[in-house]
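Just below is one structure, and these are the notes that go with it.
This is the structure we're talking about:
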């Protein structure tokens, strides 16, 4: 993570986020290298953070987050009461299947990962990672919207063939509503998919020019966005390559507020295993929907 010239506040945030990803601690030299900061600037910031117990220095002179961040954690827990029970559910899914699990929050124009359990960083998915809700990346978030909302959403795409791709997208969304979740396929093979996914998600977070961002998002869509299995494909007894399975958590307005993902990343998944993944994932989203007063819309 390279840090361009920025206000002091941005530097503080970058240091805390860097330490959050390395619980075993980092040396001051390594922090400065990762963030492209001078050691003198870093020392001053670390000194202030240590005084407030936001970081602590270990015996080997490395740094890690301190207990002062618990004050922030308590505030977050009060602001987002779903996080505690969501962490329990993701932990349950991870313990049962061994897959990395994440929860993303759906905002007005983006979906952002806010919670992760298990190994997901290897393919670029971690809290803070987000993608725009523009087609096809907001497919699950938009699937239960009105026909008018879906049309407006599809018209916001930068596709060259909006009629053809829009028709396909509507069919995908119909099947998602029918099944209650989305199963994403493997484009080539697991290792290649993981490498491409990690590189693209990392670059999408950094790109600002719209033309470059669009190219990156199109590449990302080719890997994970458009390869959603249809209801007919999922009704067969064949083994399928699965990257991840995503199900929505509904709010009182009967619209998805959060997305829970099982990051399966397997070239072959049997129909019986897939059915078990569905059942456990949907059981978790039902618990979380109930927690925020939501329920699955009646078709």
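In the numbering used here, the protein residues as written are 2 to 300.
Note that CB positions come from ideal geometry on N, CA and C, so glycine has one too.
- In this structure residue 104 touches residue 91 by the C-beta definition: roughly 6 Å separates them, less than 8 Å.
- Within the DSSP secondary-structure output, residue 118 pairs in a beta bridge with 102.
- Residue 298 has no beta-bridge partner at all, per DSSP.
- Residue 248: member of the beta strand (DSSP E) spanning 241-251, first to last residue.
- When secondary structure is reduced to three states using DSSP, residue 64 falls in the strand class.
- Bridge partners of residue 186 according to DSSP: 243.
- By the CB criterion at 8 Å, residue 289 and residue 246 fall outside the cutoff.
- Of the residues assessed, residue 244 falls on the buried side of the cut-off, its CB having 16 or more other CB atoms within 10 angstroms.
- In the assembly as shown, residue 109 is an exposed residue. Its beta-carbon has fewer than 16 other beta-carbons within 10 Å.
- Straight-line spacing of the CA atoms in residue 18 and residue 237 works out to 44 Å.
- Classified as buried, residue 176 has 16 or more neighbouring CB atoms from the shown chains inside 10 Å of its CB.
- By the neighbour-count criterion, in which 16 or more other beta carbons inside 10 Å mark a residue as buried, residue 14 falls on the exposed side.
- Under the three-pair Cβ rule at 8 Å, the region 75-88 does not count as touching the region 51-63.
- Residue 100 is classed as buried because its beta carbon has at least 16 other beta carbons within 10 Å across all chains shown.
- Less than 8 Å separates the beta-carbon of residue 157 from that of residue 135.
- The bridge partners DSSP lists for residue 260 are 105 and 249.
- Less than 8 Å separates the beta-carbon of residue 278 from that of residue 263.
- Distance from the CA of residue 230 to the CA of residue 11, rounded to the nearest whole angstrom, comes to 41 Å.
- The shortest CA-to-CA distance from residue 30 to any of 43, 21, 266 and 22 is the one to 43.
- The alpha carbon of residue 27 has as its nearest neighbour, out of 66, 48 and 49, the alpha carbon of 66.
- Nearest in C-alpha terms to residue 240, of all of 269, 147 and 63, is 269.
- According to the DSSP assignment, residue 13 belongs to the alpha helix (DSSP H) that extends over 9-21.
- The three-state reading of DSSP puts residue 72 in helix, counting H, G and I together.
- In this structure, the alpha-carbon of residue 142 lies about 42 Å from that of residue 63.
- Within the model, the alpha-carbon separation for residue 39 versus residue 9 is close to 13 Å.
- Apart from sequence neighbours up to five positions away, the residues of its chain that approach residue 112 with a beta-carbon distance below 8 Å are 105, 106, 131, 132, 134, 138, 139, 142 and 260, ordered along the chain.
- 8 Å or more divides the Cβ of residue 59 from the Cβ of residue 87.
- Minimum Cα-Cα distance from residue 180 among the listed residues 248, 228 and 128 corresponds to 248.
- Secondary structure at residue 231: coil, using DSSP grouped into helix, strand and coil.
- Residue 119 and residue 102 have their C-alpha atoms spaced approximately 6 Å apart.
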